[in-house]
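Heads up: the structure comes next, in structure tokens.
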Amino acid sequence: MSKKALIIVDHGSRLNQANEMLAQIAELIKKKKSPEFEIISYCHMELAEPTIGQAFDDCVSKGAEHIIVHPYFLAPGRHSTQDIPNLVKDAAMKHPRVTYHVTEPLGIHENIIEVILERAGNIDKT
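Structure follows, in structure tokens:
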């Protein structure tokens, strides 16, 4: 069985606080201890580090043989359907023995609806 990695990628920001949120998401995923992924990483498409190339290289250095890249975006758009896949393809060229797949963005899911309702419901409580 090949060693799998999961990389979560967002747009990236000039604001450290925004970039730190993705690091926190990666930590929450690590705490779930998914048996499917031995390596959990994160990166930013632009404006901040780690970059997609850096995260890909890091996963490979930790032994990843298959890398799943998940665009942490709500809806499909140019970044999640073109830019990120192209950047991942470029990063993967340095590692011809490593396979990869770029997933769809978050999209529509019941859990997202629950988060929206929870956040909206908390407005009156603040």
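Numbering (this note's numbering), first residue to last: 57 to 182.
Quick reminder that beta carbons are idealized off the backbone N, C-alpha and C, glycines included.
Asked	Found
Whole-angstrom distance between D66 and E160, CA atom to CA atom	13 Å
Residues near N75 in its chain [Cβ-Cβ closer than 7 Å; skip 5 each side]	G68, S69, H100, A104
V125 and I63 closer than 8 Å at C-beta	yes
Backbone secondary structure at S97 - three-state DSSP	strand
Assigned exposure category for L173 - 16 Cβ within 10 Å defines buried	exposed
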